[in-house]
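The opening residue of the sequence shown carries number 67 in the numbering used here; numbering runs sequentially from there. Even for Gly, the Cβ is constructed at its ideal location relative to N, Cα and C. The structure presented is a predicted model; accordingly, all values stated were derived computationally and were not measured. First up is the structure itself, then whatever we jot down about it.
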Amino acid sequence: GTVWLDDLKMEEVLADGRTVEVQRPAQPLDHEFMRQWIALYQGAARPYLLLGKMVHPPRLETGPLIPAGHRRLPPVLHNAYEAPDGSEAVVLVNWTSNAQRVTLTWKNQSSSIDLQPWEVRCAEQGQMR
67 GTVWLDDLKM EEVLADGRTV EVQRPAQPLD HEFMRQWIAL YQGAARPYLL
117 LGKMVHPPRL ETGPLIPAGH RRLPPVLHNA YEAPDGSEAV VLVNWTSNAQ
167 RVTLTWKNQS SSIDLQPWEV RCAEQGQMR
């Protein structure tokens, strides 16, 4: 069903018993994260994400798994894509609020990659950093 509410006010009860109105931030918490995805999709990663196909991702060594709801996930997620011209790229996503160093092993070449908190990056074969 659908519920319509008018004049709804949400309040949070603080530790001292006072209540304060819960307000939606002017900018969503994931704004910068989503902006990066859009920039990649419309830019450098377009041949892979829009026009390409998903391929088996290369090996990625990360830090320990982190609780995420009912599951545990690595701090950096990744997937690989092949563009129509045959070139390949890996999209890496640090979904945590901590900087992460990972090791990507792709076609017998290993590279350490530093990702800032909430960073999304497209790494093409031969251009990993």
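Alpha carbons only, please: which of Q102, N164 and W172 is nearest the one belonging to D180?
Position 114 of the sequence shown, counting from 1, holds the residue named residue 180. Measuring from the Cα of D180, the nearest candidate turns out to be N164.
Starting from M100, trace the alpha helix (DSSP H) both ways and give me its first and last residue.
As a working note, residue 100 is residue 34 in the sequence shown. Where M100 is concerned, the enclosing alpha helix (DSSP H) stretches over H97 to Q108.
Straight-line CA distance for D96 to E148?
As a working note, residue 96 is residue 30 in the sequence shown. As a working note, residue 148 is residue 82 in the sequence shown. Cα to Cα, the separation comes out at about 27 angstroms.
Run of the alpha helix (DSSP H) containing P113, from where it starts to where it stops:
Within the sequence shown, residue 113 is the residue found at index 47, counting from 1. Unbroken alpha helix (DSSP H) run through P113: R112 to L115.
Which residues DSSP lists as bridging H144, in chain order:
Within the sequence shown, numbered from 1, the residue matching residue 144 stands at position 78. Per DSSP, L158.
Quick one: residues in its chain with C-beta nearer than 6 angstroms to the C-beta of L115, no 5 flanking neighbours on either side, listed in chain order?
Counted from its first residue, the sequence shown places residue 115 at position 49. Taken in chain order, the residues that qualify are Y107.
Touch test, the stretch 87-103 against the stretch 127-139, Cβ-Cβ under 8 angstroms, three pairs minimum
no
For H122 and A81, I'd like the C-alpha separation in whole angstroms.
In the sequence shown, the residue the question calls residue 122 occupies position 56. In the sequence shown, the residue the question calls residue 81 occupies position 15. So the alpha carbons of these two residues sit roughly 49 angstroms apart.
Sub-9 angstroms separation of V168 and C188 beta-carbons
One-based indexing of the sequence shown puts residue 168 at position 102. One-based indexing of the sequence shown puts residue 188 at position 122. The answer is no: Cβ separation not under 9 angstroms.
Anticipated Cβ contact below 8 angstroms, E77 with V69, distance rounded
The sequence position of residue 77 within the sequence shown is 11, counting from 1. The sequence position of residue 69 within the sequence shown is 3, counting from 1. At roughly 19 angstroms, the Cβ-Cβ gap does not stay under 8 angstroms, so E77 and V69 are not in contact.
First and last residue of the beta strand (DSSP E) that includes W184?
Position 118 of the sequence shown, counting from 1, holds the residue named residue 184. No beta strand (DSSP E) contains W184, which DSSP labels as neither H nor E.
What are the partner residues of W172, as DSSP defines its beta bridges?
In the sequence shown, residue 172 corresponds to position 106, counting from 1. BP columns for W172 point to Q175.
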